[in-house]
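Protein chains in written order, with the working numbering: chain A, 1 to 348; chain B, 349 to 696; chain C, 697 to 1044; chain D, 1045 to 1392.
4 protein chains.
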Amino acid sequence: MKAGIVGASGYTGGDLIRLLLIHPEVELTYITSRRYQGKYVKHLHPNLRGITDLRFDELSPEKASECDIIFMAVPHKASMNIVPDLLAVGLKVVDLSADFRLKDPDIYERYYCPHTHPELFEKAVYGLPELYRDELKKAEIAAAPGCMAASAILGLAPIIAEKFIDRDHIIIDAKIGSSGGGKNFSFASHHPERANVVRPYGAVGHRHLAEINQELSLIVKQPIKVGLSTHAVSMVRGILSTIHVFLTEPIENKDIWKPFRKMYNKEPFIRFVKQPSGNYRLPDPKAVIGSNFCDIGFMLDEDIPRLVILSALDNLIKGAAGSAVQCMNIMLGIEETTGLLIPAPHPM
Amino acid sequence: MKAGIVGASGYTGGDLIRLLLIHPEVELTYITSRRYQGKYVKHLHPNLRGITDLRFDELSPEKASECDIIFMAVPHKASMNIVPDLLAVGLKVVDLSADFRLKDPDIYERYYCPHTHPELFEKAVYGLPELYRDELKKAEIAAAPGCMAASAILGLAPIIAEKFIDRDHIIIDAKIGSSGGGKNFSFASHHPERANVVRPYGAVGHRHLAEINQELSLIVKQPIKVGLSTHAVSMVRGILSTIHVFLTEPIENKDIWKPFRKMYNKEPFIRFVKQPSGNYRLPDPKAVIGSNFCDIGFMLDEDIPRLVILSALDNLIKGAAGSAVQCMNIMLGIEETTGLLIPAPHPM
Amino acid sequence: MKAGIVGASGYTGGDLIRLLLIHPEVELTYITSRRYQGKYVKHLHPNLRGITDLRFDELSPEKASECDIIFMAVPHKASMNIVPDLLAVGLKVVDLSADFRLKDPDIYERYYCPHTHPELFEKAVYGLPELYRDELKKAEIAAAPGCMAASAILGLAPIIAEKFIDRDHIIIDAKIGSSGGGKNFSFASHHPERANVVRPYGAVGHRHLAEINQELSLIVKQPIKVGLSTHAVSMVRGILSTIHVFLTEPIENKDIWKPFRKMYNKEPFIRFVKQPSGNYRLPDPKAVIGSNFCDIGFMLDEDIPRLVILSALDNLIKGAAGSAVQCMNIMLGIEETTGLLIPAPHPM
Amino acid sequence: MKAGIVGASGYTGGDLIRLLLIHPEVELTYITSRRYQGKYVKHLHPNLRGITDLRFDELSPEKASECDIIFMAVPHKASMNIVPDLLAVGLKVVDLSADFRLKDPDIYERYYCPHTHPELFEKAVYGLPELYRDELKKAEIAAAPGCMAASAILGLAPIIAEKFIDRDHIIIDAKIGSSGGGKNFSFASHHPERANVVRPYGAVGHRHLAEINQELSLIVKQPIKVGLSTHAVSMVRGILSTIHVFLTEPIENKDIWKPFRKMYNKEPFIRFVKQPSGNYRLPDPKAVIGSNFCDIGFMLDEDIPRLVILSALDNLIKGAAGSAVQCMNIMLGIEETTGLLIPAPHPM
């Protein structure tokens, strides 16, 4: 089968190209970039020198239609105006922008901008296979999750419906590397400014909040509002979400293990991490960087009824390109882990 | 006046030496190190080459007694057994270990070990001038705060007694650089392991919790228990405490400004940071590294009744050696800011 | 075919495991670790959690003999005493230590220690396929090169015999990440000490000099002695060798291109990098991290007759485990690039 | 006495402000910025919050004339057109741009652009007090050296005239942090791109070469041309110049010590670093960051007649603002070390 990528010049696009080049059952035949049309991949993605001779092409639904599936790696707003043309020529789409993640156009507008194609929302499935595997099989659009949202939702989904969870006092304190900001540079991303920071750039109001609240609310069938604060830290890749959950009653470790095991026991890309010792006894982005894994672990606070869930992933892989390829595998009827169980070098 | 340092070979000791060498009214005349006795300072602290010819001496209360004040920069447990001998020769002591920070020997024992000299607790004042300036003037022992505790307490003290604060749901999510672990190396601090991490090393149960709960409880005259989770991040110096506070009622920015201004308006080392734009519109350790400042700012969450307080300081300065020197100034009747308003180089 | 690794608990061992796990034609069946015998791989290599259930076994030539080839990932000196037993049971060996890289036992002794099995030197081939592809096909021992040596030799080999090269004034100024020191921690590798350094730890006398001089001398059939200075820089992986070569006569770019193209044109893991613009217009370890590529480029100095060759590789891959697997492929008659053309994530 | 800074919004300007604010004998009364006129210093330099209430003013020779001395911290080309107006109102000038460092307008033009005021060259003294202390006492213009040039020249000056130095084969391999590029951001300085690099951005042809060749040639009274290659490494501050010098005859350590001691024995900001052991046994930028020191050390190569000189400094201090203030002290008849012997925090 054949895949294409619209907007493949950025960091997420680069990781999509990489993952598709090593995918044994899908061929990457078409990549576009408005700005770099005609240029070789290697000029934009130095890691792919010597690996591929692909060139960036123009965006054309006709050319795209020779593929079986298209990944959208353009910014939100740009995506919503291209996707309809791709669907029109019968393509399946995995959208990595925010444009098809939300169910409610008003909420989309509040966090982003007015949406020009809300009629497509019903064709879109939120692109977390751990939550929507069955729906993804038939989806026309998979909306790959926001990186921070993926990390938070995967950490909370198994236990949010438990009665011992105080749903009114949930805090997600996220730490993310600089690649999360994409390829657009600014004074904020200038190395002397960005190195060695713990910058609370989204202390409140981060856009991924919309997805997190939506997905958690869908699970419990009641509106949930979490508190999300995001911090830029001094690394290139990775997210750790520290999820602070107050408890309504005293519980034991097994009360947490049980629902997590139930939901994730057979998940190929979720790893439970809770060892008695070692540098990686709890999730740390460092152990997942370069891979499609999301590591999840927890600690119970003995002082106050509190549960601390740690959820770590690579923002560009499980938080973007990796989840997207996982969605593709499901949508195309390919074994879900195909091309994604490549272990990452360590340490990095 | 003359000052000495017991245990001056570590990172905190190094910063104490540095601060005392540039202090215009106090002379550093005596530094000890069991391990490096006889060696020059420059062999342990390369930044002090060309600045001082001091040598590490043996520990001797007699020699110490030629000073007016002694800083204890040895680990907890070691300190409690030396301090009595120093008090006995009439010295004032600023202790940077945990040994005299707590009021309750049982709590000390729970978090550390049995205490051999709890009778001295009444002579000790918690070394945060912002809270105990008057008491420090006459203190025999100033117990410099734990770095994480200093950051958390300074962030919460002004508002913890406000009626809109939900004292039962307070989360402190702290991020700290590698110097916080001191000079003792291990596989956990091995550079390939420690670089690029967000390691939740103290997801629950961090020792500084004891001080934080104690000091906040003293302010409100009721027991308070906060949730503290600490993370090692990829930098050498600095702490950011992100303090998540749920609110019992809707408030406005000015409701927070008011108590903060009231408490800190004249504090020389607390800076309010809340600008509309810029890389440093909220506190970030990067802006305080190398200085005795603690930057404090906040954001109100519009989605849920939540207040996010950010508190940033240099763990080795305002979180240790700087607060200690500030205490010394007060204890010796010297103008409090003396030697401490040196701006730090930026960016680092 | 089956492969085993003796001493698989370190960083190089970890990357060997990783590369062999993704190798489509070789199965990793046997890994040893004296210290971690019985433990699962995932306890030592967090990136391999969820990928393999292998456990560390004891070292036993019998058990090893069920493999077709054994990788030695133990330190020098340890290796030389194990290899004979492996050869005795008919195994082929890829040794990643320094023990079989040199031809002259006296030079080995000068840089390392007395060698107990110099009689095996004639069975060993220096493990750089770019130089010894044919010899490796029949080798019993492949001696994978030192990381710094690989980088330097690959940068110099194509032009060292050219008449315009002043062989008496060659400087190799190398910069390396912290993983180059392996897993053994010390105060030198303590993160607060090791971060943000440019530490000239091997200004003169680095051991890899022995290999570099040997291999360059073999090419020109005359003794060559280069000047090598190595620096620890603030990153985890990667080496850049900046090779400064004085010229005996004025030359043009094409005079350099020609011999490089001649030697490397068909090499699958050597990439020429010399673009007019861009962040990666010349080799930078950042573009090869995580891959088996060695990027080579150069600049001619217009001011003085000088050639600057840049050679970048990942010290743990092309500088160790990757070259070792490349050797294995050749020794076992497998297509040389098998399992090694996996592109690395970028940026890291 | 009073000082002013023209163009004080950048990194060098920030360090100048900082150094002048702590200077006990000079008052900083006037700072300009075209872009930030009217803004407070704290908006641009977060480290100076709470330290000063200075605002950026417009550039006006009249206003400047109330000072005794003006620092030019604007880019080259801008500086040359302002300096004449400042001299015209009787001011002394310390120029941190490249505009008055060179003696030959043709060479200036080759490396920079045509010079509009070469007639001022004779009033300018190269701002390295270690070389031009006497000349600086009466200078109207001190031309603070380029950071890379300062490091290289200080490393070579004492021995360049020795007969055992092969002046035709000198290589300076420099490694520099990201602050060396100033405050202007670009894709090259984007954190995901700039972190973890060893980027040979100036493999040949770096502009500081002009100063280095000039100053070394002046010492030996013969034209010298060195080979300079500069690398961006993963840190914010600091330069290490590794200076590779071939020798015309065998020498001993003392042959190097002697000329170095002779020239630098009384220099307050040059530290010899050559210890038998320890993380800082040779110069490393990490030990000088935040200070005005230049650490110099060396190793003799036993294999080939080669001398490796290591020279480390903070590019923004001894490589810019610190040397500039040192010049100012000399020009104003103030004790040279005034305000500059502040030790830096360590580790950073």
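By construction, the Cβ of each residue, glycine as well, lies at the ideal position given by its N, Cα and C atoms.
Can you find the residues in the same chain that come closer than 7 angstroms, C-beta to C-beta, to residue i, ignoring five residues on each side of it along the sequence?
| i | result |
| --- | --- |
| Y707(C) | S875, G878, K879, L1012 |
| G687(B) | L367, I370, H371, P372, V673 |
Output, in chain order, the set of chain A residues within a Cβ distance shorter than 8 angstroms of residue i.
| i | result |
| --- | --- |
| H579(B) | K175, L240, T242 |
| R957(C) | Ordered by position in chain A, no residue passes the 8 angstroms Cβ test against R957(C), which lies about 15 angstroms from the chain. |
What residues from chain A crowd round residue i, counting only those whose CB sits closer than 7 angstroms?
| i | result |
| --- | --- |
| I519(B) | I171, H244 |
| F535(B) | N279 |
Distance check for residue j and residue i, CA to CA, integer angstroms please.
| i | j | result |
| --- | --- | --- |
| Y456(B) | D521(B) | 23 angstroms |
| F965(C) | Y828(C) | 14 angstroms |
| A660(B) | L154(A) | 30 angstroms |
| M1116(D) | K1181(D) | 18 angstroms |
| T1274(D) | A1196(D) | 11 angstroms |
| A1108(D) | A1188(D) | 20 angstroms |
| G1029(C) | P693(B) | 59 angstroms |
| T400(B) | D363(B) | 13 angstroms |
| P1173(D) | R1243(D) | 32 angstroms |
| F796(C) | D830(C) | 18 angstroms |
| N1323(D) | W1301(D) | 21 angstroms |
| K962(C) | R977(C) | 21 angstroms |
Going by beta carbon distance, what residues of the same chain come within less than 6 angstroms of residue i, once the five residues before and after it are set aside?
| i | result |
| --- | --- |
| R967(C) | F989, D991 |
| K1046(D) | E1071, T1073, C1111, D1112 |
| P453(B) | H463, P466 |
| R1211(D) | I1268 |
| K1318(D) | G1341 |
| K523(B) | H579, V581, L588 |
| M1343(D) | V1352 |
So residue i contacts chain A; which residues on that side make the cut at Cβ distance below 9 angstroms?
| i | result |
| --- | --- |
| A1223(D) | The question names Ala, but residue 1223(D) in the sequence shown is Ser. What S1223(D) touches in chain A: H191, P192. |
| E510(B) | Per Cβ cutoff of 9 angstroms: no residues; E510(B) is ~18 angstroms from chain A at best. |
| Y707(C) | H346, P347 |
Check whether chain E comes within 7 angstroms of residue i, counting only Cβ atoms and requiring the distance to be less than that.
| i | result |
| --- | --- |
| H1390(D) | Here the protein chains are A, B, C and D, and chain E is not one of them. |
At a CB-CB cut-off below 8 angstroms, which residues of chain B make contact with residue i?
| i | result |
| --- | --- |
| M80(A) | Result: empty, since nearest Cβ-Cβ is about 24 angstroms, beyond 8 angstroms. |
Starting from residue i, find everything on chain C with Cβ-Cβ shorter than 8 angstroms and list it in chain order.
| i | result |
| --- | --- |
| Y388(B) | Near Y388(B) there are no residues of chain C at all, since even the closest Cβ is about 18 angstroms away, more than 8 angstroms. |
Find the residues of chain C that neighbour residue i, judging by a C-beta separation of less than 7 angstroms, and give them in chain order.
| i | result |
| --- | --- |
| D53(A) | Near D53(A) there are no residues of chain C at all, since even the closest Cβ is about 13 angstroms away, more than 7 angstroms. |
| G357(A) | Outside the modelled stretch of chain A, which goes from 1 to 348, sits residue 357(A), for which no answer is possible. |
Please list, in chain order, all residues of the same chain as residue i whose beta carbon is under 8 angstroms from its beta carbon, the five residues on each side excluded.
| i | result |
| --- | --- |
| L140(A) | Residue 140(A) is actually Glu in this sequence, not Leu. Within the same chain, E140(A) has close Cβ partners L87, K92, V93, K123, A124. |
| Y1080(D) | S1053, H1087, L1088, F1100 |
Kindly list, in the order they appear in chain D, the residues whose Cβ is closer than 7 angstroms to that of residue i.
| i | result |
| --- | --- |
| I1000(C) | K1269, G1271 |
Name the chain D residues that come within less than 8 angstroms of residue i, Cβ to Cβ?
| i | result |
| --- | --- |
| D997(C) | V1248, G1249, G1271 |
For residue i, return the contacting residues in chain D, with the cut-off set at a CB-CB distance below 9 angstroms.
| i | result |
| --- | --- |
| M931(C) | A1239, N1240, V1241, V1242, V1277, S1278 |
| S565(B) | Near S565(B) there are no residues of chain D at all, since even the closest Cβ is about 30 angstroms away, more than 9 angstroms. |
Going by the DSSP bridge assignment, what does residue i pair with across the sheet?
| i | result |
| --- | --- |
| Y388(B) | R403(B) |
| F1290(D) | R1350(D) |
| G352(B) | Y378(B), I418(B) |
| V574(B) | None, per the DSSP bridge assignment. |
| D173(A) | S229(A), T242(A) |
Applying a beta-carbon distance threshold of less than 7 angstroms, which residues of chain B neighbour residue i?
| i | result |
| --- | --- |
| I1386(D) | I370, I690 |
Using a Cβ-Cβ cut-off of less than 8 angstroms, list which residues of the region 891-904 of chain C approach chain B; keep chain order.
Correct list: A891, N892.
Taking a Cβ distance cut-off of 9 angstroms, strictly less, list which residues of the region 276-287 of chain A are near chain C, in chain order.
Correct list: G278, N279, Y280, D284, K286, A287.
Members of the region 722-734 of chain C near chain D, C-beta cut-off 8 angstroms:
Listed in sequence order: no entries.
Anything in the region 656-687 of chain B with a Cβ closer than 8 angstroms to a Cβ of chain A? List those residues in chain order, please.
Contacts with chain A (Cβ-Cβ distance below 8 angstroms) from the region 656-687 of chain B involve V656, L658, A660, listed in chain order.
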